[in-house]
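J.: Protein chains in written order, with the working numbering: chain A, 1 to 267; chain B, 268 to 378. Using N, Cα and C, we set each Cβ at its ideal position, and we do this for glycine too. Remember, it's a predicted structure, so these values are computed and weren't measured experimentally. Provided herewith is a single structure, encoded as structure tokens, for subsequent inquiry.
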């Protein structure tokens, strides 16, 4: 009986852990192609109407009921108003989205990838976009960071889904976004300085997960680590970035845009 | 480990492991299959309404507030004062599939 339970335990933990890690890639479209295409363009047009040259964009990649308390978006990136050259040779204007994505087949590592709104929203669970528009002067500074490739200098490829924003041991998409914003604000790519400034002024989100779950994640899941935390686990979120900008008078608008065209305030 | 503890642990494992906020969601979608789906969606006007991006260059307004230097870098300078709404193409732009994705699709099709 004891032997049977041991085997059963190992099998069940193995089966259950992918849910913790979310290892199933969110690549399959859940809405019609037309709906995603239309929504992605609506997001672009909304930002364009606001005159946003750089804004922070968020998506919901998992069922909202499964998201931990206080967390509304699962992926965050920066959308940049750009001249886009197509394979036909034509140049058009629109938004290019600068992302940190986990590497396929190597989830504890990340890479910087540019994609476009329809790519960004392709596998979402809700046709809902988080839009944080910084003040125009901060937008310009964010543009400068990206245009001059400084975002690559502050990228750490070691990925943890619950990366601690106060150090550079691991980095996730949201922390990378915060690094870009702070690099623009403080005009530096010195990661130690950026982390010191973050400690002083940024308030992250406490991750409300059981110690048991965190322990399992640490042991069995490539992209979950608590090694960069001491005590309680705090991480960067889309909303905490919005609040950070608001508290420092660097925010023009923070909304959630829905597929019916309506918006609600994020903060 | 005591039997009761094991049973509790198994139950907790099965019931409590909800996803973390960002878990898995920072992964990139397959560009190749997306291209096909969008092309089908756009139908006969696909070539007119779809675009595969080769490069995106940030547009920076010269003279705007902020501290943007005018050195070269990977940016285009717009001399016009920022206007709203900004011009946005009505085309659907997608990231070009990576060589790996293209080869994967070709392999599947040849099977």
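Let me check one thing: in DSSP terms, what residues is residue 98/A bridge-paired to?
T.: Taking the first residue of the first chain as 1, we reach residue 98/A at position 98. 78/A, 114/A, per the DSSP bridge assignment.
J.: Leaving aside the five residues before and after residue 169/A along the sequence, list all residues of the same chain whose C-beta is less than 6 Å from its C-beta, in chain order.
T.: Position 169 of the first chain, counted from the first residue, corresponds to residue 169/A. Same-chain partners within the cutoff: 228.
J.: Give every residue of the same chain whose Cβ lies closer than 7 Å to the Cβ of residue 161/A, excluding the five residues on either side of it in the sequence, and list them in chain order.
T.: Numbered from its first residue, the first chain carries residue 161/A at position 161. Excluding sequence neighbours, residue 161/A sits near 172, 223, 224.
J.: Answer yes or no: do residue 362/B and residue 114/A have a C-beta to C-beta separation smaller than 8 Å?
T.: Residue 362/B sits at position 95 when you count from the first residue of the second chain. Residue 114/A sits at position 114 when you count from the first residue of the first chain. Yes, these two residues count as a Cβ contact at 8 Å.
J.: Would DSSP call residue 266/A helix, strand or coil?
T.: Reading the first chain from its first residue, position 266 is the one you call residue 266/A. Here residue 266/A sits in coil by DSSP.
J.: Using the C-alpha atoms, what's the distance from residue 355/B back to residue 46/A?
T.: By one-based count along the first chain, residue 46/A stands at place 46. By one-based count along the second chain, residue 355/B stands at place 88. Cα to Cα, residue 46/A sits roughly 10 Å from residue 355/B.
J.: Run through chain B and tell me which residues come within less than 7 Å of residue 37/A, C-beta to C-beta.
T.: Indexing the first chain from 1 puts residue 37/A at position 37. Those within 7 Å of residue 37/A in chain B are 305, 308, 359.
J.: Let me see if you follow: with CB-CB separation under 8 Å, is residue 325/B close to chain A or not?
T.: Mapped onto the second chain, residue 325/B falls at position 58. Cβ-Cβ to chain A under 8 Å: yes for residue 325/B.
J.: Check whether the Cβ of residue 364/B lies closer than 8 Å to any Cβ atom in chain A.
T.: In the second chain, residue 364/B corresponds to position 97, counting from 1. No, because no Cβ of chain A sits closer than 8 Å to the Cβ of residue 364/B.
J.: Within the same chain, show all residues whose beta-carbon is closer than 6 Å to that of residue 202/A, passing over the 5 residues directly before and after it, in chain order.
T.: Taking the first chain and counting its residues from 1, the one referred to as residue 202/A is at position 202. Only 244 meet the Cβ criterion.
J.: Using a C-beta to C-beta distance shorter than 7 Å, which residues of chain B count as neighbours of residue 57/A?
T.: If you number the first chain from 1, residue 57/A lands on position 57. None at all; the shortest Cβ gap to chain B is about 13 Å.
J.: Please report the distance separating the alpha-carbon of residue 268/A from that of residue 196/A.
T.: Look at the range of chain A in this structure, 1 to 267, and you will see that residue 268/A is not part of it.
J.: Any C-beta of chain B within less than 8 Å: which residues of the segment 125-154 of chain A qualify?
T.: So the list reads 136, 137, 138, 139, 140, 141, 143, 144, 146, 147, 148, 149, given in the order they occur along the chain.
J.: Could I get the ranges of all uninterrupted alpha helix (DSSP H) runs contained in the segment 145-206 of chain A, with 4 residues as the minimum, in chain order?
T.: Within the segment 145-206 of chain A, the complete alpha helix (DSSP H) runs of at least 4 residues are 150-153, 173-186, 191-201.
J.: Compare the C-beta of residue 44/A against all C-beta atoms of chain B and say whether one is closer than 8 Å.
T.: Taking the first chain and counting its residues from 1, one reaches residue 44/A at position 44. It does; some Cβ of chain B falls within 8 Å.
J.: So residue 86/A packs on residue 320/B, CB below 8 Å; how close in whole Å?
T.: Looking up residue 86/A in the first chain gives position 86. Looking up residue 320/B in the second chain gives position 53. With a Cβ gap of about 6 Å, residue 86/A and residue 320/B count as contacting.
J.: Where do the N-terminal and C-terminal ends of the alpha helix (DSSP H) with residue 241/A fall, by residue?
T.: One-based indexing of the first chain puts residue 241/A at position 241. Per DSSP, residue 241/A belongs to the alpha helix (DSSP H) from 238-247.
J.: Using the three-state DSSP reduction, which class does residue 71/A fall into: helix, strand or coil?
T.: Translated into the one-based positions of the first chain, residue 71/A becomes position 71. Here residue 71/A sits in coil by DSSP.
J.: Please confirm if residue 329/B has its CB atom under 8 Å from at least one CB of chain A.
T.: If you number the second chain from 1, residue 329/B lands on position 62. Answer no: the Cβ-Cβ gap between residue 329/B and chain A never drops below 8 Å.
J.: In chain order, what residues of the same chain have a beta carbon less than 6 Å from the beta carbon of residue 129/A, not counting five sequence neighbours either side?
T.: As a working mapping, residue 129/A is identified with position 129 in the first chain. If we look at residue 129/A and ignore the five residues flanking it on each side, its Cβ neighbours are 43, 257.
J.: May I have a chain-ordered list of the beta strand (DSSP E) segments no shorter than 3 residues that lie completely inside the segment 41-69 of chain A?
T.: For the segment 41-69 of chain A, whole beta strand (DSSP E) runs of length 3 or above, ordered along the chain, are 54-59.
J.: Can you tell me whether residue 165/A is buried or exposed? The criterion is at least 16 other CB atoms within 10 Å of its CB, across all chains shown.
T.: Within the first chain, the letter at position 165 stands for residue 165/A. Under this definition residue 165/A is a buried residue.
J.: Compute the distance between the beta-carbons of residue 420/B and residue 51/A, then report whether it is under 8 Å.
T.: In the structure as shown, chain B starts at 268 and stops at 378, and residue 420/B therefore has no counterpart that could be examined.
J.: Does the distance from the CB of residue 73/A to the CB of residue 53/A come in under 8 Å?
T.: Stepping through the first chain from its first residue, residue 73/A is reached at position 73. Stepping through the first chain from its first residue, residue 53/A is reached at position 53. Not closer than 8 Å, so no.
J.: From which residue to which residue does the beta strand (DSSP E) around residue 128/A run?
T.: Within the first chain, numbered from 1, the residue matching residue 128/A stands at position 128. Its beta strand (DSSP E) spans residues 128-134.
J.: Using a C-beta cutoff of 8 Å, does residue 198/A count as contacting chain B?
T.: Looking up residue 198/A in the first chain gives position 198. Judged by the 8 Å Cβ criterion, residue 198/A is not in contact with chain B.
J.: Alpha carbons only, please: which of 68/A, 118/A, 103/A is nearest the one belonging to residue 302/B?
T.: Numbered from 1 along the second chain, position 35 holds the residue referred to as residue 302/B. Cα-wise, what sits closest to residue 302/B is 118/A.
J.: Can you list, in chain order, the residues of the segment 59-82 of chain A whose Cβ is nearer than 7 Å to any Cβ on chain B?
T.: Here the close residues are 61, 62, 66, 67, 68, 71, 74, 75, 80, 81, 82.
J.: Could one say the Cβ of residue 190/A lies closer than 8 Å to chain B's Cβ atoms, at least one of them?
T.: Counted from its first residue, the first chain places residue 190/A at position 190. Answer no: the Cβ-Cβ gap between residue 190/A and chain B never drops below 8 Å.
J.: Among 93/A, 88/A, 97/A, whose alpha-carbon lies nearest the alpha-carbon of residue 76/A?
T.: On the first chain, position 76 is the one that residue 76/A refers to. For the residues 93/A, 88/A, 97/A, the minimum Cα distance to residue 76/A belongs to 97/A.
J.: Residues of chain B with CB closer than 7 Å to the CB of residue 49/A, please, in chain order.
T.: Mapped onto the first chain, residue 49/A falls at position 49. What residue 49/A touches in chain B: 351, 352.
J.: For residue 181/A, would you say it is in contact with chain B, using Cβ-to-Cβ distances shorter than 8 Å as the test?
T.: In the first chain, counting from the first residue as 1, residue 181/A sits at position 181. Chain B contact via Cβ: absent.
J.: When you compare only the Cα positions, how much space is there between residue 238/A and residue 174/A?
T.: For the purposes of this step, residue 238/A is taken as the residue at position 238 of the first chain. For the purposes of this step, residue 174/A is taken as the residue at position 174 of the first chain. Looking at the two C-alpha atoms, the distance is approximately 7 Å.
J.: Identify the continuous beta strand (DSSP E) that holds residue 317/B and give its terminal residues.
T.: Translated into the one-based positions of the second chain, residue 317/B becomes position 50. Here the beta strand (DSSP E) through residue 317/B covers 317-328.
J.: Where does residue 268/A sit, in a helix, a strand or coil, going by DSSP?
T.: Any question about residue 268/A goes unanswered here, given that chain A covers just 1 to 267.
J.: Let me know if residue 269/B comes out buried or exposed under the rule of 16 or more other beta-carbons within 10 Å of its beta-carbon.
T.: Your numbering for residue 269/B matches position 2 in the second chain. Low confidence applies here, because residue 269/B scores a pLDDT of 48, under 50, leaving its location unreliable and the question unanswered by this model.
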